[in-house]
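Here is the structure we will look at, set down as structure tokens.
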Amino acid sequence: MTTNAKLLAVTIDCAEPKRMAEFWHQVTGLDIQYSEDEYAAVGDGTTNIYFGRVPDRKPVEWPSADKQFHLDFRVPDVERAVEQYIALGATKPAFQPGVTEEKVGWIVLQDPEGHVFCVCPEQS
């Protein structure tokens, strides 16, 4: 039988960990647990996102086969959340696979360092 592992955190490479922790704190409401030039973290004891400094990291283009991960978040009002996150420093790329003329399934954004994340509606 395989030993089951419990996820502790997701660690994201970035150029400015402190800046990333502040952005994701604002987006998620998770507490800033640690904030230094080389490393920062937000979390609540169960859900944790860590940020490690990689000075020469280059963001990938969206869409692209180079994307290695993305985060998905549920919110009560997608359009309102997108406006708020853009005001905090996120960007909205032109390619939006979750948007049709009939409805918004989800919106793709990029954080201030270009990491892709999706803003999804709450489930009905």
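Numbering (UniProt numbering), first residue to last: 1 to 124.
Ideal Cβ positions, reconstructed from N, Cα and C, are used throughout, including at glycine.
>> On a Cα-Cα basis, can you pick out the residue from P97, H25 and L109 that is closest to L71?
In response: L109
> In whole angstroms, what is the alpha-carbon distance linking R57 and E22?
Replying inline: Those two C-alpha atoms are separated by around 19 angstroms.
> Skipping 5 residues on each side, what residues in its chain have a beta carbon closer than 7 angstroms to that of D13?
Replying inline: G52, V54 and R57
> Measuring CB to CB, does G98 end up less than 8 angstroms from G105?
Replying inline: yes
>> Run through the DSSP bridge pairs and tell me what Y85 is partnered with.
In response: None; Y85 has no bridge partner.
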